[in-house]
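Just so you know, the protein sequences line up as chains A and B, in that order. Taking the numbering used here, the leading residue of the first sequence gets 1, the next gets one more, and so forth. Taking the numbering used here, the leading residue of the second sequence gets 22, the next gets one more, and so forth. Glycine is no exception: its CB is placed at the ideal position from the N, C-alpha and C atoms. Remember, predicted model here, so these are calculated numbers, not experimental data. Following: one structure in structure tokens, then a few remarks.
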Amino acid sequence: GTKIVYERAFLMNMRNSPLAK
Amino acid sequence: PVDVPEGEHKLQSQYCLWYSRRGSGKQSLNFHLNLKLIGRFGSVEQYWRIYSHLVRPGELSSHSDFHLFKSGIKPMWEDDANKCGGKWIVRLRKGLSSRCWENLVLAMLGEQFMVGEEICGAVVSVRFQEDIISIWNRTASDTAVTNRIRDTFRRVLNLPQGTAIEYKAHNDSIKDKSSF
Chain A
1 GTKIVYERAF
11 LMNMRNSPLA
21 K
Chain B
22 PVDVPEGEHK
32 LQSQYCLWYS
42 RRGSGKQSLN
52 FHLNLKLIGR
62 FGSVEQYWRI
72 YSHLVRPGEL
82 SSHSDFHLFK
92 SGIKPMWEDD
102 ANKCGGKWIV
112 RLRKGLSSRC
122 WENLVLAMLG
132 EQFMVGEEIC
142 GAVVSVRFQE
152 DIISIWNRTA
162 SDTAVTNRIR
172 DTFRRVLNLP
182 QGTAIEYKAH
192 NDSIKDKSSF
């Protein structure tokens, strides 16, 4: 199947998501 | 497997984060006894929650290691996934490892290496005068794969120009008794 791929910039943004706290 | 709550961003693989510190005397011979599981995660959010509680590698005391491996793969040569594998290694002067480690981890979690199931995990080793970062893969004999990993490794770590990297098959590391 298709791989779940994330770019660095997206992952860095997710750092500030309320769910990541 | 780790339960990923609805609304979180699943990763392609689940991971375990381990920590080790070289013990003294007899204990130093038993690497697996010094290996401590810090946490497991399967989503981007879970990763950041663990990361935010951790000391960055550059601030760890000497002879400490973080090992980030896919779930089910122990960070040891002897593991079935690693025994025919090897690793790309870079030795870094002090002060660079935290940034490089974070770049490498994000590339691994985000599946930027594009080598199927070849990636096993990554290690950052804090030593007295330098830090060592490595990425481990399953098949040391597959040059096309190891070359591809090398190119991505170099690109994502954004290493200072002229930094040397080397590939070591785990089999050779066992034979010449070289440590991490």
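For the set B:T167, B:N103, B:E123, B:S82, the Cα lying nearest the Cα of S194 (chain B) is the one of B:N103. Put simply, the CB of K189 (chain B) is far from chain A, with every gap to its CB atoms at 9 Å or more. Within its own chain, the residues whose Cβ lies closer than 7 Å to the Cβ of C141 (chain B), once the five positions on either side in sequence are excluded, are F90, K91, I94, A102, N103, G106, W157, N158, R159, listed in chain order.
Around the beta-carbon of V76 (chain B), fewer than 16 other beta-carbon atoms lie within 10 Å, marking it exposed. Chain A has no Cβ within less than 9 Å of the Cβ of K95 (chain B). Residues of chain A with a Cβ closer than 8 Å to the Cβ of A128 (chain B) are, in chain order, R8.
Within chain A, the C-beta atoms nearer than 9 Å to that of L32 (chain B) come from I4, Y6, in chain order. G183 (chain B) sits exposed, since fewer than 16 C-beta atoms from the chains shown fall within 10 Å of its C-beta.
When DSSP states are grouped into helix, strand and coil, G93 (chain B) belongs to the coil group.
With respect to chain A, the C-beta atom of G131 (chain B) has a partner C-beta closer than 9 Å. An exposed status is given to M135 (chain B), since fewer than 16 other beta-carbon atoms sit within 10 Å of its beta-carbon.
Interface with chain A (9 Å Cβ-Cβ cutoff): E139 (chain B) is excluded. Taken atom to atom, the span from the alpha-carbon of L113 (chain B) to that of C121 (chain B) is near 9 Å. Residue environment: G131 (chain B) is assigned as buried (16 or more neighbouring CB atoms within 10 Å of its CB, all protein chains considered). G60 (chain B) is outside the set of residues whose beta carbon lies under 9 Å from a beta carbon in chain A. Remark: C-beta atoms of V23 (chain B) and F62 (chain B) approach each other more closely than 9 Å. Following the DSSP letters along the chain, one finds N158 (chain B) inside the beta strand (DSSP E) bounded by residues 151-158. By the C-beta density criterion, E7 (chain A) is exposed, having fewer than 16 other C-beta atoms within 10 angstroms. The C-beta of R159 (chain B) comes no closer than 9 Å to any C-beta of chain A.
Close to G28 (chain B), with beta-carbon spacing below 8 Å, are these residues of chain A in chain order: L19. Among the residues facing chain A, R169 (chain B) is not included, as its CB has no counterpart in that chain under 9 Å away.
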